[in-house]
Amino acid sequence: MCMAGLYVASASVAHAQSPRGDDLSVELIDPHVLRVCADPRNMPFSNEKGEGFENKLAELLAAKLQKKLEYFFFPQATGFVRMTLGAHRCDVIMGFPQGDDVAQGTNPYYRTSYALVTKNGSGLEDVATLEDSRLKDKRIGIVAGTPPA
């Protein structure tokens, strides 16, 4: 899975640069604040306590831009982009799968893969692939909307 670095609110940027005075019902953007949308309970990526690595990246970015950092937290599920970036509640989403055309992305800042995690003592500790016959009648949990789904 590739994660695009930042997703920028292209509508907000376009409006901010528009020479026309058209009312696009876009919230005013504070030039002294970096508004980040994040999931409040999505460790190791982000949480409300600022302990995730995407929280730390947002802190670094805000410091580099010399802006105050503010968050809008919303569960990262169906409608996340629409309810956050699309609703002009933030300027960026720190991590998002690459290739989604909902907003403008940057270059990926990390790549990762998926792993099968099993409970100790389940007899499945040595399963190496999803084709393993021992998984035939097992229930496998996945995150909805991700590539393995």
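Under the numbering used here, the first residue of the sequence shown carries the number 189, and numbering increases by one thereafter.
We treat Cβ as the ideally placed atom computed from N, Cα and C, and that holds for glycine.
Remember, it's a predicted structure, so these values are computed and weren't measured experimentally.
How should residue i be labelled, buried or exposed, when 16 other C-beta atoms within 10 angstroms of its C-beta is the threshold for buried?
{"i": "Asn295", "result": "exposed"}
{"i": "Gly311", "result": "exposed"}
{"i": "Asp325", "result": "exposed"}
{"i": "Leu212", "result": "Low per-residue confidence applies at Leu212: pLDDT is 43, beneath 50, and the placement is therefore not dependable, though the value from the model is reported in the following sentence. So Leu212 counts as exposed."}
{"i": "Ile330", "result": "exposed"}
{"i": "Val305", "result": "exposed"}
{"i": "Asn308", "result": "exposed"}
{"i": "Leu253", "result": "exposed"}
{"i": "Arg270", "result": "exposed"}
{"i": "Glu319", "result": "exposed"}
My output table needs one value for residue i: the three-state DSSP class, helix, strand or coil.
{"i": "Ser321", "result": "helix"}
{"i": "Leu257", "result": "strand"}
{"i": "Val269", "result": "helix"}
{"i": "Asn308", "result": "coil"}
{"i": "Phe241", "result": "helix"}
{"i": "Ala226", "result": "strand"}
Got a sec, what are the start and stop residues for the alpha helix (DSSP H) residue i sits in?
{"i": "Val315", "result": "Run containing Val315: none; DSSP gives neither H nor E here."}
Looking at the strands, I want to know which residues DSSP matches up with residue i.
{"i": "Val221", "result": "Lys256"}
{"i": "Gly329", "result": "Per DSSP, none; premise fails for Gly329."}
Between which two residues does the beta strand (DSSP E) holding residue i run?
{"i": "Pro345", "result": "The chain is shown from 189 up to 337; residue 345 falls before or after that span and cannot be answered."}
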